[in-house]
Amino acid sequence: MGLKDNVMVFMAAFYALIALASAIDDGASRRMVCHYTTWSQGRSGGASYRVENVPGNLCTHVVYNFIGIDEDTYKLVPLQREIDIVQDGFGRFVDLKKTYPELKTTIAVGGWGHGGAKFSKMAAFRDRRKIFVQSVVNFLEEYGFDGLEIAWLYPGNPERGGNSNDKDNLIYLVEELKRAFQSRGRGWEVTVQVPLDKTRLAIGYDIEDLCDAAHFVHLIGYDMRGWWNNFADVHSPMADRSHDVANFRGINVRDGVQHLLTNRCTPGKMVLGVALFGRTYMLANSQQNSIGSRTTGPGPAGTYTHEAGYLGYCEICRKFLSRSPIAQSPWP
């Protein structure tokens, strides 16, 4: 952590994140699930990260982020046609299995930028879900992926285009996908991204039924805090701290995981998301620079990621190359 020009950066190793790592096991095979973001290849200089850079020897599963849903046809649709189709992003990604034969490749549908309204509209009726499921089957067969990850962020949330029926419709969708996958006999998996924020869980997720329906659930163990809260904090707290009050009590990794366990989610199906990015803040007062200090907004955008309030792992690493000889810590 460092201070300069009223900017606070939280970049401790446990709170600056990149992939999904298996952290809960009841005897099932260990999983290291790594996510690849297609927009990373467009970064300048040494920060460009291409499909061919994915360390398939370190991951058991790799996920391609993202594909979308056509709001009129309810079918899968490429979100970045130039990368996905013209540059053969899908094909090159699946070809990682030629180098790493044991690797499994998955396609993720949705994401934060895609919103929740398209999911909600598609999942609302059985005939629409049937169209979607068939399009997924066709896609997996055409490109050779090994499964689908549902990144619906977040069902039941009206601010994200959701409604009260989403909780049940998500279960129907996952069950119908799973049946279709099993009928093909190719070992395809359906996984679902699930938040650890109990308020989001209550609105959009029937935990026991969802965990029963999905092959695995990928727990979002990050972004539980951020510059949008107007105070400085790590974004993936492991447990409650003394300064956590009111609505922030219990919003942490330990309590979130325990909540799922209490609601009968099978431990062997839970994969904890661990990130390698950091969140930055603009301090209201540079002299008040501890966790919980008041902030006025996001920190400046990074050199490569160009997103205010966010630093990628590559940007954090560069900061460790320049250290203050007095403070013995990197400048932010």
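In mature numbering (1 follows the signal peptide of the UniProt record, and there is no 0), the protein residues as written are -23 to -1, 1 to 309.
Yeah, the Cβ is synthetic: ideal placement off N, Cα and C, and Gly gets one too.
Remember, it's a predicted structure, so these values are computed and weren't measured experimentally.
Going by DSSP, what residues sit across from tyrosine 41 in a beta bridge?
Counted from its first residue, the sequence shown places residue 41 at position 64. Partner(s): Tyr13, Ile84.
Cut-off 6 Å between Cβ atoms - residues of its own chain near glycine 45, not counting five sequence neighbours on either side
Taking the sequence shown and counting its residues from 1, the one referred to as residue 45 is at position 68. Only Val54, Leu56, His91 meet the Cβ criterion.
Once DSSP output is grouped into helix, strand and coil, what is the label at glycine 181?
Against the sequence shown, residue 181 aligns to sequence position 204. In the structure shown, glycine 181 sits in a helix (DSSP, three-state: H, G or I).
Segment limits, alpha helix (DSSP H) that includes residue 333
Residue 333 lies beyond the stretch modelled for the chain, which goes from -23 to 309, so this question has no answer here.
Going along the chain, which residues of its own chain have a beta-carbon closer than 6 Å to the beta-carbon of leucine 298, five neighbours each way excluded?
Along the sequence shown, read from residue 1 onward, the residue named residue 298 stands at position 321. Spatial neighbours of leucine 298 in its own chain (CB-CB distance under 6 Å, excluding positions within 5 residues in sequence) are not present.
Using only CA atoms, which one of Thr243, Val211, Val251 lies nearest to glycine 269?
As a first step, residue 269 is located in the sequence shown; it is residue number 292 there, counting from the start. Nearest C-alpha to glycine 269 among Thr243, Val211, Val251: Val211.
Whose C-alpha, out of His195, Tyr26, Lys98, Glu118, is nearest the C-alpha of methionine 247?
As a first step, residue 247 must be located in the sequence shown, where it is residue number 270. For the residues His195, Tyr26, Lys98, Glu118, the minimum Cα distance to methionine 247 belongs to His195.
Under DSSP, the alpha helix (DSSP H) around leucine 260 begins and ends at which residues?
The residue given as residue 260 occupies position 283 in the sequence shown. Per DSSP, leucine 260 belongs to no alpha helix (DSSP H); it is in the beta strand (DSSP E), 255 to 260.
Mapping DSSP to helix, strand and coil, what is glycine 133?
Within the sequence shown, residue 133 is the residue found at index 156, counting from 1. In the structure shown, glycine 133 sits in coil (DSSP, three-state: anything other than H, G, I, E or B).
Span separating the alpha-carbon of leucine 249 from that of isoleucine 197:
On the sequence shown, residue 249 is found 272 positions in, with the first residue counted as 1. On the sequence shown, residue 197 is found 220 positions in, with the first residue counted as 1. Taking the straight line joining both Cα atoms gives about 7 Å.
Bridge partners - glutamate 126, DSSP secondary structure assignment
Within the sequence shown, residue 126 is the residue found at index 149, counting from 1. Bridge partners of glutamate 126: Ala85, Thr168.
For the stretch 95 to 102 against the stretch 30 to 42, are there 3 or more C-beta pairs whose distance is under 8 Å?
no
Does the beta-carbon distance from threonine 272 to leucine 260 come in below 7 Å?
In the sequence shown, the residue the question calls residue 272 occupies position 295. In the sequence shown, the residue the question calls residue 260 occupies position 283. Going by C-beta atoms, threonine 272 is nearer than 7 Å to leucine 260.
Close beta carbons around aspartate 61, own chain, < 6 Å, minus the five adjacent residues each side
Walking along the sequence shown from the start, residue 61 turns up at place 84. For aspartate 61, where only same-chain residues beyond five positions count, the Cβ hits under 6 Å are Pro55, Phe67.
Cβ shell of valine 151 (< 8 Å), same chain only, five flanking positions each side left out
In the sequence shown, the residue the question calls residue 151 occupies position 174. Excluding residues within five positions, the ones whose Cβ falls inside 8 Å are Ile127, Val167, Val169, Leu187, Ala190, Ala191.
Apply the 10 Å Cβ neighbour rule to proline 32 and answer buried if 16 or more other Cβ atoms are within range, or exposed otherwise.
One-based indexing of the sequence shown puts residue 32 at position 55. Result: exposed.
Going by Cα to Cα distance, which pick from Asp65, Arg58, Asp123 is closest to alanine 85?
By 1-based counting over the sequence shown, the position of residue 85 is 108. Answer by Cα proximity: Asp123.
Assign leucine 187 to one of three DSSP states: helix, strand, or coil.
As a first step, residue 187 is located in the sequence shown; it is residue number 210 there, counting from the start. Leucine 187: helix per DSSP, three-state reduction.
Would you give the residue range spanned by the alpha helix (DSSP H) that threonine 76 belongs to?
Residue mapping note: residue 76 aligns to position 99 of the sequence shown, counting from 1. That run of the alpha helix (DSSP H) goes 73 to 76.
At which residues does the beta strand (DSSP E) containing isoleucine 197 begin and terminate?
Looking up residue 197 in the sequence shown gives position 220. Counting along the chain, the beta strand (DSSP E) containing isoleucine 197 begins and ends at 193 to 197.
With DSSP as the reference, label aspartate 145 as helix, strand or coil.
For the purposes of this step, residue 145 is taken as residue 168 along the sequence shown, with counting starting at 1. Looking at aspartate 145 - three-state DSSP - the assignment turns out to be helix.
Out of Gly164, Lys144, Arg156, Lys296, which has the shortest C-alpha to C-alpha gap to leucine 178?
As a working note, residue 178 is residue 201 in the sequence shown. For leucine 178, the nearest C-alpha among the options comes from Lys144.
Measure the alpha-carbon distance for arginine 27 versus alanine 94 and round it to whole angstroms.
Mapped onto the sequence shown, residue 27 falls at position 50. Mapped onto the sequence shown, residue 94 falls at position 117. Distance between the alpha carbons of arginine 27 and alanine 94 is about 30 Å.
Using CA coordinates, which residue listed in Ala157, Glu136, Ser160, Trp129 is at the minimum distance from asparagine 146?
To locate residue 146, count along the sequence shown from 1; it is residue 169. Taking only the C-alpha atoms, the option nearest asparagine 146 is Trp129.
With a threshold of 7 Å on Cβ separation, who are the neighbours of glutamate 284 within its own chain once the five nearest residues in sequence on each side are excluded?
As a first step, residue 284 is located in the sequence shown; it is residue number 307 there, counting from the start. For glutamate 284, where only same-chain residues beyond five positions count, the Cβ hits under 7 Å are Ala278.
Can you round the beta-carbon distance between threonine 239 and glycine 286 to whole angstroms, since I take them to be within the 8 Å contact cut?
Locating residue 239 in the sequence shown gives position 262, counting from the first residue. Locating residue 286 in the sequence shown gives position 309, counting from the first residue. Actually they do not touch by this definition, with Cβ atoms about 33 Å apart.
Would you give the residue range spanned by the alpha helix (DSSP H) that methionine 99 belongs to?
For the purposes of this step, residue 99 is identified with residue 122 of the sequence shown, where counting begins at 1. Its alpha helix (DSSP H) spans residues 94 to 100.
Output the distance between the C-alpha atoms of arginine 7 and leucine 80, rounded to the nearest integer angstrom.
Residue 7 sits at position 30 when you count from the first residue of the sequence shown. Residue 80 sits at position 103 when you count from the first residue of the sequence shown. Each residue's Cα considered, the two are about 13 Å apart.
If you draw a straight line from the alpha carbon of glutamate 136 to that of proline 78, how long is it in whole angstroms?
Locating residue 136 in the sequence shown gives position 159, where the first residue counts as 1. Locating residue 78 in the sequence shown gives position 101, where the first residue counts as 1. Cα to Cα, glutamate 136 sits roughly 42 Å from proline 78.
What do you get for phenylalanine 109, buried or exposed, if any count of 16 or more other CB atoms within 10 angstroms of its CB means buried?
In the sequence shown, residue 109 corresponds to position 132, counting from 1. Classification of phenylalanine 109: buried, given that the 10 Å Cβ count is 16 or more.
Here's the rule: buried if 16 or more other CB atoms are within 10 angstroms of the residue's CB, otherwise exposed. What is methionine 201?
Mapped onto the sequence shown, residue 201 falls at position 224. It counts as buried.
Exposed or buried, cysteine 291, counting other C-beta atoms within 10 Å across all chains shown (16 or more means buried)?
Locating residue 291 in the sequence shown gives position 314, where the first residue counts as 1. Cysteine 291 comes out buried.
Residue burial classification, arginine 156 (beta-carbon count within 10 angstroms, cutoff 16):
For the purposes of this step, residue 156 is taken as the residue at position 179 of the sequence shown. Burial call: exposed.
Whole angstroms are fine: how far does the CA of glycine 87 sit from the CA of phenylalanine 225?
Sequence index remark: in the sequence shown, residue 225 carries index 248 (1-based). Sequence index remark: in the sequence shown, residue 87 carries index 110 (1-based). For phenylalanine 225 and glycine 87, the distance between alpha carbons rounds to 27 Å.
Three-state class that DSSP yields for glycine 279 in the structure shown
For the purposes of this step, residue 279 is identified with residue 302 of the sequence shown, where counting begins at 1. Here glycine 279 sits in coil by DSSP.
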